[in-house]
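Worksheet: the structure to be examined is printed underneath.
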Amino acid sequence: MENNNYLIPANANRGKLIFGWFRGIDLAIFATGATTTLLLILIFQNSLTNVGIAIAVLLPLAIGGFLVLPFPHQHNMLVVLTNAYNFYFVNRQRYYWKGWCSERGEEESKGQ
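The sequence shown begins at 2 in this note's numbering and counts up one residue at a time.
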């Protein structure tokens, strides 16, 4: 019976993570990048002297490693990018200033 509707310190969540750092999806992303890179190395082993091909072969591992890289005050880069996407594109809200300062200013201008 877990509803996750409670506040706990951020460091207490580390007990829920694999090795104290990774979620299951993080390890899956990194393992997929590493496996893809290994397969590409085996396929293009004769062409790795070309720098462009070598970079392209190592790119899946680099991207997977970048996404699971720990980030201060967040979990990792994947969480940071997901939060930024949700904030700017999915749940974008417009806030209008309205409060006692703006109302008082209107009252003073009406009285004069």
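Even for Gly, the Cβ is constructed at its ideal location relative to N, Cα and C. Predicted model only: the values in this text are computed from it and were never measured.
What first and last residue would you give for the alpha helix (DSSP H) that runs through Leu43?
25-44
If we call anything under 7 Å between Cβ atoms a contact, is Met78 one with Leu68?
yes
Which first and last residues belong to the alpha helix (DSSP H) in which Pro71 is found?
In the DSSP assignment, Pro71 falls outside any alpha helix (DSSP H), carrying neither H nor E.
Thr50 burial status per 10 Å Cβ neighbour count (16 or more: buried)
exposed
Between the alpha carbons of Leu43 and Ala57, how many angstroms are there, rounded?
13 Å
Since Ile30 contacts Gly53 with CB under 8 Å, what's their CB separation in whole angstroms?
So it is not a contact: roughly 25 Å between Cβ atoms.
If you draw a straight line from the alpha carbon of Gln46 to that of Gly34, how long is it in whole angstroms?
Looking at the backbone, the Cα of Gln46 and that of Gly34 are separated by about 17 Å.
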